[in-house]
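Take the sequence shown: its letter number 22 is residue 573 in the working numbering, and every next letter is one higher. Virtual Cβ for every residue (Gly too), placed ideally from N, Cα, C. Every value quoted in this text rests on a predicted model; they were computed, and no experiment measured them.
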Amino acid sequence: MDTGLAGKGVVVTGASGGIGGACARQFAAEGANVLVHYHRGEERARAVSEEIGGAPIAQADLTVEADVDRLFENARETLGTVDVCAAVAGVWPTEDIPVWELPLERWEETMRQNLTATFLTARAFLREVARTGHGSLVLVGSTAGRFGEAGHADYAAAKSALQGGLLLSLKNEVTRVAPLARVNAVAPGWTESTMTRGMVDPKAVRRISRTMALRKVGQPDDVAAQVVVLASDALSGHISGQVITVAGGMEGRVVHDDA
């Protein structure tokens, strides 16, 4: 099926990570011109770039306003046009800390790395949409934003805001400058990636999949495929403001009783 993405300029943030790298590869497979963004993982970003034929790479700290603006200026100059943005970049704090012990410093840092970074990315991309009159933005949230995540209330709150109020506001606002422009989101559950390395061994999968109909951990390509589908005007041209959960049928309750 033709996605209509051939020749489109696509910015993938966090493309040095597992899901971001998979997005970059799948967009490139559709014939899109991809800009590979990274923050600290330059070596991984270069490896992704080489895999997809030497795509341009760009470094930016997405919590810094000037860096984000520079990233999209670079994208416009490099790609010629910025038609799609997959806002994948985010950070999951590994330490389990309940709210009554959660330092304000970590709360604020998690918000900046996930919610503020996504806001700045979306704002910069939508300025490109205002210039061109078209575009598709896909935000990457998390099932933590749907069901909560004990020990990670900061991350869950950031992702909930991203795939809730921010998403629903953006999908309405963007039509003021581009009547057919769209904004959607993907909410991955447990996914094998650099962020979850060492945490999804078979024993862990048995435990975490008790709330999932499909008792397996997702792969980055599972998430990337949905990002590509939502980004495509040919496949999703009448879909906006939606959150697609990629989590094997996860529910907010135990489905399998292993006791």
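Practice item. In the DSSP assignment, find the alpha helix (DSSP H) that holds R766 and state where it starts and stops. Key: Counting from 1 along the sequence shown, the entry for residue 766 is found at position 215. Premise fails: R766 is in no alpha helix (DSSP H) and is neither H nor E.
Review point. If you drop the 5 nearest sequence neighbours on each side, which residues of the same chain put their C-beta closer than 6 Å to that of I795?
Key: The residue you call residue 795 lines up with position 244 of the sequence shown. V737, Q777, listed in sequence order.
Review point. Shortest alpha-carbon distance to F578 belongs to which of G568, V768, T554?
Key: Sequence index remark: in the sequence shown, residue 578 carries index 27 (1-based). Nearest C-alpha to F578: T554.
Check your understanding: So which of G699, E656, M801, T632 has the shortest CA-CA distance to L556?
Key -> As a first step, residue 556 is located in the sequence shown; it is residue number 5 there, counting from the start. It is T632 whose Cα lies nearest to the Cα of L556.
Point to revise | Inter-residue CB distance, L713 and G740 (contact presumed, cutoff 8 Å) | key: For the purposes of this step, residue 713 is taken as residue 162 along the sequence shown, with counting starting at 1. For the purposes of this step, residue 740 is taken as residue 189 along the sequence shown, with counting starting at 1. The pair is not a contact, with the Cβ atoms about 16 Å apart (cut-off 8 Å).
Point to revise | Extent of the continuous beta strand (DSSP E) run through G560 | key: Taking the sequence shown and counting its residues from 1, one reaches residue 560 at position 9. Unbroken beta strand (DSSP E) run through G560: 560-564.
Practice item. Could you check the C-alpha separation between A729 and K722 for me, to the nearest Å? Key: Translated into the one-based positions of the sequence shown, residue 729 becomes position 178. Translated into the one-based positions of the sequence shown, residue 722 becomes position 171. Cα-Cα distance, rounded: 11 Å.
Point to revise | Residue of R663, T694, G686 minimising C-alpha distance to G803 | key: For the purposes of this step, residue 803 is identified with residue 252 of the sequence shown, where counting begins at 1. For G803, the nearest C-alpha among the options comes from T694.
Practice item. Would you list, in sequence order, the uninterrupted beta strand (DSSP E) runs of no fewer than 3 residues that lie entirely inside the segment 597-624? Key: Listed in chain order, they are 608-610.
**Study point:** Residue nearest to D784 in terms of C-alpha spacing, selected from S760, R758, G686
**Key:** On the sequence shown, position 233 is the one that residue 784 refers to. Nearest option by C-alpha distance: G686.
Check your understanding: From which residue to which residue does the beta strand (DSSP E) around R733 run?
Key -> As a first step, residue 733 must be located in the sequence shown, where it is residue number 182. That run of the beta strand (DSSP E) goes 733-739.
Practice item. Spell out a yes or no on whether the segment 655-666 and the segment 619-634 are touching, meaning 3 or more CB-CB pairs, one atom from each, closer than 8 Å. Key: Cβ pair count under 8 Å is below three, so no.
Review point. Across which residues does DSSP place C574 in a beta bridge pair?
Key: For the purposes of this step, residue 574 is taken as the residue at position 23 of the sequence shown. Answer by DSSP bridge pairing: none, since C574 is not bridged.
Review point. Out of curiosity, what's the CA-to-CA distance linking A609 and D809?
Key: Walking along the sequence shown from the start, residue 609 turns up at place 58. Walking along the sequence shown from the start, residue 809 turns up at place 258. The straight-line gap separating the alpha-carbon atoms of A609 and D809 is approximately 46 Å.
**Study point:** Start and end residues, beta strand (DSSP E) containing N723
**Key:** Taking the sequence shown and counting its residues from 1, the one referred to as residue 723 is at position 172. Where N723 is concerned, there is no enclosing beta strand (DSSP E), although the alpha helix (DSSP H) it sits in stretches over 718-724.
Review point. Does the segment 649-662 touch the segment 702-712, meaning 3 or more C-beta pairs lie closer than 8 Å?
Key: yes
Review point. When burial is assigned at 16 or more other CB atoms within 10 Å of the CB, is E724 buried or exposed?
Key: Counted from its first residue, the sequence shown places residue 724 at position 173. By the neighbour-count rule (16 or more Cβ atoms within 10 Å), E724 is not buried but exposed.
Check your understanding: DSSP three-state call for T629: helix, strand or coil?
Key -> In the sequence shown, the residue the question calls residue 629 occupies position 78. The answer is helix: DSSP assigns T629 an H, G or I state.
Practice item. Output the distance between the C-alpha atoms of A701 and T661, rounded to the nearest integer angstrom. Key: Along the sequence shown, one-based indexing puts residue 701 at 150. Along the sequence shown, one-based indexing puts residue 661 at 110. Between A701 and T661, the C-alpha separation is close to 15 Å.
Practice item. With DSSP collapsed to three states, give me the class of S787. Key: Taking the first residue of the sequence shown as 1, we reach residue 787 at position 236. Three-state DSSP puts S787 in a helix.
**Study point:** Presumed contact (8 Å Cβ cut-off) between V650 and I570, rounded CB distance
**Key:** Position 99 of the sequence shown holds residue 650. Position 19 of the sequence shown holds residue 570. A Cβ-Cβ distance of about 27 Å is found for the pair V650 and I570, leaving them out of contact under the 8 Å criterion.
Exercise for review: Determine, using beta carbons only, whether V563 and H588 come nearer to each other than 8 Å.
Suggested key: Within the sequence shown, numbered from 1, the residue matching residue 563 stands at position 12. Within the sequence shown, numbered from 1, the residue matching residue 588 stands at position 37. Yes, Cβ-Cβ distance for V563 and H588 is below 8 Å.
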